[in-house]
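Engineer: Under our numbering, the first residue of the sequence shown is numbered 1444, with each subsequent residue one higher. All C-beta atoms in this analysis are idealised placements derived from N, C-alpha and C, irrespective of residue type, glycine included. Take this structure first; my questions come after.
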Amino acid sequence: MNKDKLYRIERFSKEQILQLHQSTTDYALAIKGLPQYHTEVFEKKGWLLPFLLGYDDLLWGRWNYWLDILMNGTIAGSEPIPRIEWAENGTFLVEQTKKMLIQCLDHPEANIDNFADWLLWGLAGTDERLIISEKLNEHYYQFFDLFLILDNPFDYLSYLLSEHSGHGYKKGLGYYPTPLSVTKLIVEIVYAGDDLEVMKRQTVSDPCVGCGAMLLPASNYFLRGYAQDISGIAVKLCIIQMYFYAPWYAKPGKDIGGFDHSEPVNLVIEPSDPNSDNGQYSFAF
């Protein structure tokens, strides 16, 4: 594969590339530097965050936007939500990004559960230590490409879970996500003509969230929401996608002012029945 077609570096100025390198290095100071070798991943929770923040600075500016709100403690006076232009299914870059993710799971020990755990550890989305073999970690470290995911935004983890549900993974799960093109249309039809500043202070809800197909386009309009799903792995993958694309859903903060209601918001993930391994999972942000 000609990587020029994948990364299209010519879009960016020399100054932007240098700034990307500098900002990624600066963000990594919090974890005492970027991993120099794949084995360091086990000791560096959040090692993917410097890359996530650096790439987002270059491409969308969503993390800086939300971190400014967290520092100010209110959405009052904030700029409009930075808009993501969602990629179309079937396009060259989306298909190449899907192939990258499929390649990540092309390993004897790989499955979507430990891949999700690996991503959450890298994004500092969990306090649970990473428990996989060094060989599997090396494989994920070698093939996972966060830039492609950020540069070509799409509902990739819905696709990945659907693919594996159809090939023997927990067949009873029966995961059939609503296509992103449909959820984009639904959001745009329902909220066409609404005041964007008013919508920013409102709450979006998805009672069957899956991996977040509806929340992704909704993140162009709403900074707060509530969602639930019967599948624990789907909820986990949904949270990962919010780290990728919608930081206000991934890291909601606490006591942020300026919304229509003033109750504090905290991320909570729990089964509806704590005495059962099966049942509805929910999270609120």
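Please tell me whether residue 1682 and residue 1689 are closer than 8 Å, where the distance is taken between their beta carbons.
Structural biologist: no
Engineer: Work out the CA separation of residue 1637 and residue 1476 for me, nearest whole Å.
Structural biologist: Rounded to whole angstroms, residue 1476 to residue 1637 spans 44 Å at the Cα level.
Engineer: So, under 8 Å CB-CB, residue 1654 and residue 1620 are touching, yes? Tell me the CB distance rounded to an integer number of Å.
Structural biologist: Indeed they touch by this definition, with Cβ atoms about 6 Å apart.
Engineer: The alpha helix (DSSP H) with residue 1625 in it runs from where to where?
Structural biologist: Residues 1623 to 1633.
Engineer: Given residue 1523, which residues of its chain have a CB within under 7 Å of its CB, disregarding the five upstream and five downstream residues?
Structural biologist: For residue 1523, where only same-chain residues beyond five positions count, the Cβ hits under 7 Å are 1639.
Engineer: Applying the criterion that 16 or more other CB atoms from any shown protein chain within 10 Å of the CB defines a buried residue, is residue 1596 buried or exposed?
Structural biologist: buried
Engineer: Tell me the residue span of the alpha helix (DSSP H) that contains residue 1693.
Structural biologist: For residue 1693, the enclosing alpha helix (DSSP H) stretches over residues 1690 to 1693.
Engineer: Count the C-beta pairs between the stretch 1456 to 1470 and the stretch 1555 to 1565 that are closer than 8 Å, then say yes if the count reaches three, no if not.
Structural biologist: no
Engineer: Using the rule of at least 16 other Cβ atoms within 10 Å of the residue's Cβ for burial, across every protein chain shown, is residue 1497 buried or exposed?
Structural biologist: Buried.
Engineer: Give the straight-line distance between the Cα atoms of residue 1453 and residue 1650, rounded to the nearest whole angstrom.
Structural biologist: 42 Å
Engineer: So what does DSSP say about residue 1588, is it helix, strand or coil?
Structural biologist: coil
Engineer: Looking at residue 1529 and residue 1660, is the spacing between their C-beta atoms short of 8 Å?
Structural biologist: yes
Engineer: Taking all protein chains shown into account, decide if residue 1445 is buried (16 or more other Cβ within 10 angstroms of its Cβ) or exposed.
Structural biologist: exposed
Engineer: Cα-Cα, which of 1494, 1460, 1465 is closest to residue 1478?
Structural biologist: Checked all of 1494, 1460, 1465; the closest Cα to residue 1478 is 1494.
Engineer: Could you check whether residue 1658 and residue 1668 sit closer than 8 Å to each other, using their CB atoms as the reference points?
Structural biologist: yes
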